[in-house]
Structures are given as C-alpha cells and as structure tokens.
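Here is the structure we will look at, set down as structure tokens.
2 protein chains.
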Amino acid sequence: MSAELTSLVTSLAQRARAASLALATVPTAAKNAALARLADLIDASHAALLAANARDLASPEAAALSASSRDRLTLTTARLNHLAVSVREVITLPDPVGDLLEETTRPNGLHIRKVRVPIGVVGIIYEARPNVTVDCAILCLKSGNASILRGGKECFHTNTALAALITAALTAAGLPADAVQLIPTTDRAALNALLKLDSLIHCIIPRGGESLIRFVAENSTIPVIKHFQGVCFVYVDAAADLAMAEAITVNAKASRPSACNAAEQLLIHVSVAEKFFPAVAGALIANNVQLRCDSASLAILAASDLSALNSQVSASSIAPATPADYTTEFLDTIIAVRVVDSLEAAIATINRDSSNHSDAIVTADESAARRFLAAVDSATVYWNASTRFTDGFEFGYGAEIGISTDRLHARGPMGLRELCTYKFLIEGTGQTRS
Amino acid sequence: MSAELTSLVTSLAQRARAASLALATVPTAAKNAALARLADLIDASHAALLAANARDLASPEAAALSASSRDRLTLTTARLNHLAVSVREVITLPDPVGDLLEETTRPNGLHIRKVRVPIGVVGIIYEARPNVTVDCAILCLKSGNASILRGGKECFHTNTALAALITAALTAAGLPADAVQLIPTTDRAALNALLKLDSLIHCIIPRGGESLIRFVAENSTIPVIKHFQGVCFVYVDAAADLAMAEAITVNAKASRPSACNAAEQLLIHVSVAEKFFPAVAGALIANNVQLRCDSASLAILAASDLSALNSQVSASSIAPATPADYTTEFLDTIIAVRVVDSLEAAIATINRDSSNHSDAIVTADESAARRFLAAVDSATVYWNASTRFTDGFEFGYGAEIGISTDRLHARGPMGLRELCTYKFLIEGTGQTRS
Numbered sequence: 426m427s428a429e430l431t432s433l434v435t436s437l438a439q440r441a442r443a444a445s446l447a448l449a450t451v452p453t454a455a456k457n458a459a460l461a462r463l464a465d466l467i468d469a470s471h472a473a474l475l476a477a478n479a480r481d482l483a484s485p486e487a488a489a490l491s492a493s494s495r496d497r498l499t500l501t502t503a504r505l506n507h508l509a510v511s512v513r514e515v516i517t518l519p520d521p522v523g524d525l526l527e528e529t530t531r532p533n534g535l536h537i538r539k540v541r542v543p544i545g546v547v548g549i550i551y552e553a554r555p556n557v558t559v560d561c562a563i564l565c566l567k568s569g570n571a572s573i574l575r576g577g578k579e580c581f582h583t584n585t586a587l588a589a590l591i592t593a594a595l596t597a598a599g600l601p602a603d604a605v606q607l608i609p610t611t612d613r614a615a616l617n618a619l620l621k622l623d624s625l626i627h628c629i630i631p632r633g634g635e636s637l638i639r640f641v642a643e644n645s646t647i648p649v650i651k652h653f654q655g656v657c658f659v660y661v662d663a664a665a666d667l668a669m670a671e672a673i674t675v676n677a678k679a680s681r682p683s684a685c686n687a688a689e690q691l692l693i694h695v696s697v698a699e700k701f702f703p704a705v706a707g708a709l710i711a712n713n714v715q716l717r718c719d720s721a722s723l724a725i726l727a728a729s730d731l732s733a734l735n736s737q738v739s740a741s742s743i744a745p746a747t748p749a750d751y752t753t754e755f756l757d758t759i760i761a762v763r764v765v766d767s768l769e770a771a772i773a774t775i776n777r778d779s780s781n782h783s784d785a786i787v788t789a790d791e792s793a794a795r796r797f798l799a800a801v802d803s804a805t806v807y808w809n810a811s812t813r814f815t816d817g818f819e820f821g822y823g824a825e826i827g828i829s830t831d832r833l834h835a836r837g838p839m840g841l842r843e844l845c846t847y848k849f850l851i852e853g854t855g856q857t858r859s
Numbered sequence: 426m427s428a429e430l431t432s433l434v435t436s437l438a439q440r441a442r443a444a445s446l447a448l449a450t451v452p453t454a455a456k457n458a459a460l461a462r463l464a465d466l467i468d469a470s471h472a473a474l475l476a477a478n479a480r481d482l483a484s485p486e487a488a489a490l491s492a493s494s495r496d497r498l499t500l501t502t503a504r505l506n507h508l509a510v511s512v513r514e515v516i517t518l519p520d521p522v523g524d525l526l527e528e529t530t531r532p533n534g535l536h537i538r539k540v541r542v543p544i545g546v547v548g549i550i551y552e553a554r555p556n557v558t559v560d561c562a563i564l565c566l567k568s569g570n571a572s573i574l575r576g577g578k579e580c581f582h583t584n585t586a587l588a589a590l591i592t593a594a595l596t597a598a599g600l601p602a603d604a605v606q607l608i609p610t611t612d613r614a615a616l617n618a619l620l621k622l623d624s625l626i627h628c629i630i631p632r633g634g635e636s637l638i639r640f641v642a643e644n645s646t647i648p649v650i651k652h653f654q655g656v657c658f659v660y661v662d663a664a665a666d667l668a669m670a671e672a673i674t675v676n677a678k679a680s681r682p683s684a685c686n687a688a689e690q691l692l693i694h695v696s697v698a699e700k701f702f703p704a705v706a707g708a709l710i711a712n713n714v715q716l717r718c719d720s721a722s723l724a725i726l727a728a729s730d731l732s733a734l735n736s737q738v739s740a741s742s743i744a745p746a747t748p749a750d751y752t753t754e755f756l757d758t759i760i761a762v763r764v765v766d767s768l769e770a771a772i773a774t775i776n777r778d779s780s781n782h783s784d785a786i787v788t789a790d791e792s793a794a795r796r797f798l799a800a801v802d803s804a805t806v807y808w809n810a811s812t813r814f815t816d817g818f819e820f821g822y823g824a825e826i827g828i829s830t831d832r833l834h835a836r837g838p839m840g841l842r843e844l845c846t847y848k849f850l851i852e853g854t855g856q857t858r859s
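Structure, rendered in structure tokens:
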C-alpha cells in the first residue's frame, strides 16, 4: 500500500515538474485567461460546489471538528461569490515573472542579468479550508509555479470539486492541466512520500496549526517555508502618548484575536504603568479580553478601583500569569502583561519571548523608537502603529500566500514575488576563463 | 554521552544567538577592525598554525585521506599569506546590513521600509579544509551573522588554532567572542544534535561532498542552503561558430575539471556534429580528457581518421557512454557526449539531466539563444561563454560562501548579501486596523 502511494505521488510530482517547465515561459495573458475562466466556472458551479461541501460537512470527520474549523470548512453562496472575486483580483496583479532584478557588464564583457523566475513546483499542505485550495492554486499559477495541493481530509469532496474546475480552466486556456494537482488521497503515508521528493518538488509551504507545520518541517527533505505562530508584543514606552498606546493595544489584541498578527503580550514601562495600565485594562476588559498579569501589573490593578475600570470586571477578567503565558500564542481574547524597567529590558524580553513575527513600540521619543526598530529581531517592527497591519493586502502586495516566520527566502507577508526565485542570464562573445 | 553533547551544542548555540543579536547592530568599522586584527594575527602566527597543521597531517585520520583531500588540508606559508590577503579583501567589500531594499507609504500613512539585516545564526558544516574555517567566519562576521563552525575531524587541531585567532580578533575589536564558535568536538552525535536546534540556529550551509550534504539535508530541522553538485552542459547549436564552440567546450571542461562549474556534458546539434565533433574531440584529448560517447558521436569518430585527431589518442581516450554517465558529476577529465536533433531536444535533455547549476549554448542564432536562456531551468544560463564563470568573484560579488544549487533564498553564487535576510520597519502616527 505504501509503495503504491509512493508511486502515485511520484508520478503526480513528475507531471507537476513537466508542467512547471512549460508554465515558466507562458505569457501573462494565458495565465490570466485561465484565472478568468476559473472565476466564471466558480460562478456557474455553485450547486455542485455546495453539494460537494454538504457531503464533507455530513462526514464523521467534519463532525469531529471544532465550531470554528467547521465554519472555515463551510461554503455558502456569499463565500463562493467572494472566492470568484478573489480570483479576479489576482488577474489584476502584475506578473512577477521576468522582472529584471539586476544587470551588470563585467570588465571581460560578460553581460549578466538577474531575472525573476518561478520557483518550479510548490507543494501546499493545509487543513480543511476550501478557500486555501483556490487561493494557493491561483497565486502559484500567476507566479508561474506548478502546485501540488494536499488539503485536510474533512474537505476532500469540496477540494475535488474545486480542483476539477481549476483543471477545466487550465485546459480551456491552453495551459497544462497538471499545473495544479490535488493529491487524490488524504492518506498520511502519501504526504510522507511526497515530502521526500526533493528532486521533483522545490518548495513546501505548510499552512495550518503548529502540529501540522512541525510535522512537515520534521519530515520534509524539500525546503519548507513555515507560516508559524505569532507571539506579538506591544511595548508602551516611558514616552508614549497614552491615548495612542491604548488605542493601539486594544486594536492589536481585540480587533481579531484569532489572527497571527494579533498582540498576545503587553509590556509597559514602569514609569507609565500606574497611569496607563488601569486605563488600558478597562478598555481591554470592555472588549472581553482576559488579562494575565505579572506581579507588578497585578499590584497596580489591586491598588486601583477595579469596579471603576469597567462594570464588566469579573473574577475571570484578571489572573496572575504563568511563565508559559509569556510565550503563548493565545489566538483568543487573552493578553499577558508585564511591567519592564527600561527600553533595553523591553527589547531583550521581546527578542527572547516573541516569535519574531510583529512587534510594536508606542513612544514619542524618536531615539527610543530607532533603537527599538533596529534591535528587535522580528520580521515586522512597528513604531506607533498596530501589529495587525502585517498582511499582504495592507503592504500593497495584493493577495498573500501567507506570512512567513522563516528568515530564508521570504520573511513576513509572501505575495507573488516571494513565490519566485531568480536566475542569471549571461551573454558573451566567446569568453573563456583563464 | 549523547545528552552531554546535546547540552554542549545547545549552550554553544544559545551563546551564538545572544552574540548574533549584538552583532546585528554593530557599526561596519567594528567588524572591519576585527577582520584587520585577524589578518595581522594570521601573519604573526605562522609557526603555531603550521605546527597545529602538522599535528593534523600526522594523524591516522589524515593518512586515510585521498591525495587531493590531503593537499586541501595542508597549510603552507604561501597559503597562510593568501589567507590573510583574503581576510583583508573582505574589509573592502561593502557592508550589506542596513541596505534599503524597498520603501513605500501606504494610503493610511504607514511608512514601510524593507531593509537588509543579518540572518542571525548560521551553521557551516564542512570537510577538512582550513581555508573554509576562515572564509566562512569572515563572511558571516562581515554580514553581521554569528557563525557556528563544524569542520572535518582531520582538520581539528588546525581549526582550533584558527578559531583561537578569530576569538582574539573579535575580543580586540570589542565584539562578542561568541560571534564565531568552533564546535569543540567532531563527534557525529554533536552534529546531529546541532541540526535539531531550529529555535536557535537560523540557517545551515553544508560545504563538501554529496554524502555530507545529503546527511545534513536529511537530518536538519533547520533550513539548509545546499551547495550541491554541478552537472553542467555545453550545447553546440546548429548555428554555432565552431571555433568559438571548441574554445568554450575545452575551457568549460578542462580549465579546472574539479570545479562544480566545469562542464560534464556536451550536446551537439546533428547538423554540425560531423564537422565539429572530430575537431573538439582532438582538442579535448590533447587536454587528457576522456570522451564517453553516445552511438551517434561514436560513429562520427569511427568514420574520421582518429590518429589524425591527435597523436595522444589511445584506447582509453574514447569510450561508449553508460546511461549513468549522462547525469554524472565526474569532477575529473571526463566528458559525456551526445548528438541531439534540435534545440528543443537539447533544452529538454538539459532540464532532465542537468543539476540546474550552469548550462551554456553556443550559437550565432539570437532567437535560438533567447529560447535557450528562457527555457533552461538552471541557476546560470550562458550564451556564448564558458560555464566556468559561475563564481562570486567573476560576478563581482567579491568573496562567496559557495554556489547555491537550491532555489529558495539564494541561487547561484552566494556573497555577503545572500547571507542576509530582511525585515520591515513600519512607522505610523497611531494607525489601527479597522
């Protein structure tokens, strides 16, 4: 059985590799034609897609999902309309392939151009989210990459129906049907075999929870770009505008607690803690956020009139933090709070405890801000803005395939350009090396 | 024992991580001061370095090395002089850290800068080559990365002596001594433990033979940038200038057969094969190159007057190729030869059999050249020049840490810039996300 699965994924990867070579040189118009056709096919296929999705939702696997996972699995007419819109938006994005990155003529006359080209074959490993099937397929297609998709088993029928539309769109536009392939099984052994095909697949992007990403990173011999957790910090400096700090803290934590760019950690400079913390605590509690406090911040709340903070204050609104809270990605309405003695202590704490995703300082002191921006070793470092802006759309990239928490290749939001590599084109007149 | 080694490399990696945070923001002058001091220390320490090297060369491990490996392990006064020169050359290279890569102001007023920053902690795994110890340490230092070095056991005493000079140079320049660390054991278990420290080490670069690189790639949970083999092609097109084609073929094969950018494979368009192949065969044989021929090229030689080719022709100069020869990195005075029917057949052959390192077309037909440049999926694609130019110095990068055969992060020659990642610095005025 395992040998059969290995043979199945190997054959699929070989077809993907062949398709990638063809796709690397097709004109933008052909790729856009396939995208336009796909959007039309999605519009015309609501009944079939909703039926496939209903079959998934009725399965025992789907019954075992959490309410939020089940919600992400569910398609509706409105969501299908949105999906078609997102496909049409990718048509409008510039094609990154062929961009001239550098150009030089060497003293020996060699003319060297460094140009952007597709990576080749990209494997996307994700959970039970049908929108990821389409998002990843279209971003890989537009950037000239063949993709191999392996979604969660709870979503298998929906993905199969979507993949059929993608294949039809590719064929209609004269592109290789193998440019986007869904692995036709959710057997874990097939995934394991896939992750070893390093001569055929050039990059693996896992999208999902920590255990999925760890499994992929530990079992893949193919380079992996991880989209891992965000343990993001807001540091309120001694020189912060406290009203701005409150607005940024509440936005970073409460505007979408399930996002990886949401703040999980609040650091407050000791000199403003007594004034700032009771006010922001009230605002956070008003947004149903639970505070997990160090002893210093807890003491400040104890000394203030808690009931004056907010009528919603309850026993569960405020709790002492455990050591684990200081490095936890809650993805929930919880924030851990610490008082720090200095800017340098804040920087050291962030560099030790954050996931190097998105961290912010609020301060009116430019030199403190410059030091923070330089010394905090994270993909995205903010001065006087919410961490929630770490996002491909907010950066002006258009769609994103994710937010890389790795340092190699792509760091932070990954758009079409980050789905490319480069090659050197060198033109001579017969040069040989002495 | 294994737990002890794990503890040893973990502690070493923690110190490297701390050093990397300090090193990321030090001024260029401090890094250059450390480099200058190191060059002076090398100049002043010939006796001690040669003594350590003699101890290595006298070991049973060194006795087991091949003649060429033993040569690479050996230090001489001339080589130490060259080593000091190479350190001083890195002083003259521009510091890549802080380069502004992109800058934009979003409609909401957020000012986004993408700036080049060090990767962090880089692990270099290599064989018994003392020059690699110094080359990698200084390139990592200049690019602001802390490095962890693990060289071959045959070179342990030499590496230890060199590492002591590096530590002294760092300390003299006021930089953290832990910025460059040699693993103080060559036990394989220590390497295995190191390759799992993905929360402390950000990148592994293996330099050496295929088995070392495969071991590292298969056992590392840290992202790896491979510097793998070069199965490089020269394709002589129907419209080639045959004198140029001969010069390029001989240079690509024979100027340094042990280099990864040396040609291992020759493809000849059928329309010029009868005229071109006997001539180039004579020139290659005159350079002691053995030809491993497909049936078509063998038939051409059989029909020509072999002894007229070259007086050195012997039975061993020409042999029928085996299938394996067509994908082999000989690293020796051997070249495999095939006749192809068309440009497209040449492109397909290269995309199937090459290692995507460096491949060349020789032709006077611009449209054939443009098609070849676009369709050959290799890091470096040449038109009318030798593959031997794939090299950091030849590209104008100054020193290189290697030639990446991966597609992610760095492809082709890796200089100081490729030892960096980037981060986003975002300045606002209190922006929150709706």
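For the protein sequence lines, the chains are U and L, in the order given.
Quick note: the first sequence uses this note's numbering, first residue 426, plus one each step.
Quick note: the second sequence uses this note's numbering, first residue 426, plus one each step.
Ideal Cβ positions, reconstructed from N, Cα and C, are used throughout, including at glycine.
Exercise. Using a C-beta cutoff of 8 angstroms, does U:Arg480 count as contacting chain L?
Worked result: Cβ-Cβ to chain L under 8 angstroms: no for U:Arg480.
For this session: Under 8 angstroms Cβ to Cβ from L:Ala810, same chain only, skipping five residues before and after it: list those, please.
Result: If we look at L:Ala810 and ignore the five residues flanking it on each side, its Cβ neighbours are Ile673, Ala785.
For this session: Enumerate in chain order the residues of its own chain whose CB-to-CB distance from L:Leu756 is below 7 angstroms, with the five nearest sequence positions on each side excluded.
Result: Once the five neighbours on either side are set aside, the close Cβ partners of L:Leu756 are Pro682, Ser683.
Exercise. Taking a cut of 9 angstroms between CB atoms, which residues from the stretch 822-844 of chain U lie near chain L?
Worked result: Residues are counted here when their Cβ sits less than 9 angstroms from a Cβ of chain L; for the stretch 822-844 of chain U these are Asp831, Arg832, Leu833, His834, Ala835, Arg836, Gly837, Pro838, given in chain order.
Exercise. Cβ of U:Tyr847 less than 8 angstroms from any chain L Cβ?
Worked result: Taking CB atoms only, U:Tyr847 has a neighbour in chain L less than 8 angstroms away.
Exercise. Are L:Val605 and L:Ile591 touching if we call contact CB-CB under 8 angstroms?
Worked result: Yes, the Cβ-Cβ distance between L:Val605 and L:Ile591 is below 8 angstroms.
Problem set entry | Within 9 angstroms of chain L by C-beta, residues of the stretch 583-600 of chain U in sequence order | Those would be none; no residue qualifies.
Problem set entry | Cβ neighbour criterion (16 or more within 10 Å) applied to U:Gly707 | Counting the other CB atoms within 10 Å of its CB gives U:Gly707 a total of 16 or more, which places it among the buried residues.
For this session: Starting from the Cα of U:Gly545, find the closest Cα among U:Arg440, U:Ala488, U:Asp465, U:Glu429 and give me that residue.
Result: Checking every option, the nearest Cα to that of U:Gly545 belongs to U:Arg440.
For this session: Answer with buried or exposed for U:Arg613, where buried requires no fewer than 16 other C-beta atoms within 10 angstroms of its C-beta.
Result: That one is exposed.
Exercise. For L:Ala571, which residues in chain U fall below 8 angstroms Cβ to Cβ?
Worked result: Ordered by position in chain U, no residue passes the 8 angstroms Cβ test against L:Ala571, which lies about 12 angstroms from the chain.
For this session: Quick one: using the 10 Å Cβ neighbour count with 16 as the cut-off for buried, is L:His652 buried or exposed?
Result: Buried, because 16 or more other Cβ atoms sit within 10 Å of the Cβ of L:His652.
For this session: Quick one: list the residues of chain U neighbouring L:Gly548, beta-carbon separation under 8 angstroms, in chain order.
Result: Near L:Gly548 there are no residues of chain U at all, since even the closest Cβ is about 13 angstroms away, more than 8 angstroms.
Exercise. If you compare alpha carbons, which of U:Asp666, U:Gly655, U:Asn617, U:Ala664 is closest to U:Ala642?
Worked result: The shortest Cα separation from U:Ala642 among U:Asp666, U:Gly655, U:Asn617, U:Ala664 belongs to U:Asn617.
For this session: Tell whether a beta-carbon distance below 8 angstroms holds between U:Gly576 and U:Thr596.
Result: Not closer than 8 angstroms, so no.
Problem set entry | For U:His536 and L:Ile693, the rounded distance between their alpha carbons | Roughly 25 angstroms separates the two Cα atoms.
Problem set entry | CA nearest to the CA of U:Phe868, picked from U:Gly837, U:Ala800, U:Asp831, U:Thr830 | Outside the displayed span of chain U (426 to 859) sits residue 868 of chain U, for which this structure offers no information.
For this session: Please look up how many angstroms separate the CB atoms of L:Leu448 and L:Ala571, rounded, as I've assumed it's under 8 angstroms.
Result: In this structure, L:Leu448 and L:Ala571 form a Cβ contact; the two beta carbons are roughly 6 angstroms apart against a cut-off of 8 angstroms.
Exercise. Which residues share a DSSP beta bridge with L:Lys567?
Worked result: According to DSSP, L:Lys567 bridges with nothing at all.
Exercise. Does DSSP put L:Lys539 in a helix, a strand or coil?
Worked result: Secondary structure of L:Lys539 (DSSP, three-state): strand.
Exercise. In chain L, which residues lie less than 8 angstroms from U:His471 when you measure between Cβ atoms?
Worked result: Chain-ordered listing is empty here: chain L has no CB closer than 8 angstroms to the CB of U:His471, the nearest sitting near 30 angstroms.
Exercise. Counting pairs of beta carbons, one from the stretch 646-662 of chain U and one from the stretch 779-793 of chain U, are three or more of them closer than 8 angstroms?
Worked result: Inter-segment contact for the stretch 646-662 of chain U and the stretch 779-793 of chain U is present: three or more beta-carbon pairs are separated by less than 8 angstroms.
Exercise. Pick from L:Lys578, L:Thr812, L:Phe797, L:Trp808: whose alpha carbon is nearest that of L:Ala483?
Worked result: Distance from the Cα of L:Ala483 is smallest, within the candidate group L:Lys578, L:Thr812, L:Phe797, L:Trp808, for L:Lys578.
Exercise. Among the residues of its own chain, which have a CB less than 8 angstroms from the CB of L:Pro543, if the five just before and after it don't count?
Worked result: The beta carbon of L:Pro543 sits closer than 8 angstroms to those of Ser445, Leu448, Ala449, Val522, Ser568, Gly569, Asn570, Leu844, Cys845, Thr846, all from its chain and outside the five residues before and after it, given in chain order.
For this session: Could you tell me whether the Cβ of L:His652 comes closer than 8 angstroms to any Cβ of chain U?
Result: Answer no: the Cβ-Cβ gap between L:His652 and chain U never drops below 8 angstroms.
Exercise. For L:Val547 versus L:Lys848, is the C-beta spacing smaller than 8 angstroms?
Worked result: No, the Cβ-Cβ distance between L:Val547 and L:Lys848 is not below 8 angstroms.
Problem set entry | Start and end residues, beta strand (DSSP E) containing L:Gly855 | First-last of the beta strand (DSSP E) with L:Gly855: 845-856.
For this session: Could you tell me whether the stretch 815-833 of chain L touches the stretch 479-498 of chain L, using the rule of 3 or more Cβ pairs below 8 angstroms?
Result: Two segments are said to touch when three or more pairs of C-beta atoms, one from each, lie closer than 8 angstroms; by this definition the stretch 815-833 of chain L does not touch the stretch 479-498 of chain L.
For this session: Name the two residues that bound the continuous beta strand (DSSP E) containing L:Gln715.
Result: Taken as a continuous stretch (DSSP letters only), the beta strand (DSSP E) holding L:Gln715 covers 715-718.
For this session: Just grab the DSSP bridge partners of L:Ala704 for me.
Result: DSSP, once it has assigned bridges, lists no residue as partnering L:Ala704.
Exercise. Given that a residue counts as buried once 16 or more other Cβ atoms are within 10 Å of its Cβ, and exposed if not, what is U:Lys700?
Worked result: Exposed.
Problem set entry | Proximity below 8 angstroms, CB of L:Val705 to CB of L:Val764 | No, the Cβ-Cβ distance between L:Val705 and L:Val764 is not below 8 angstroms.
Exercise. According to DSSP, which residues form a beta bridge with L:Pro838?
Worked result: Note: L:Pro838 sits in a beta bridge opposite L:Ile828.
Exercise. U:Asn410 to U:Ile638, Cα distance in whole Å?
Worked result: Chain U is shown from 426 up to 859; residue 410 of chain U falls before or after that span and cannot be answered.
Problem set entry | Contact set between the stretch 516-544 of chain U and chain L, restricted to residues whose Cβ is under 7 angstroms from the partner | Within the stretch 516-544 of chain U, the residues whose Cβ lies closer than 7 angstroms to some Cβ of chain L are Thr529, Arg531, Leu535, Ile537, Ile544, listed in chain order.
Exercise. Shorter than 8 angstroms from the beta carbon of L:Gly853 to some beta carbon of chain U?
Worked result: At least one chain U Cβ lies under 8 angstroms of L:Gly853.
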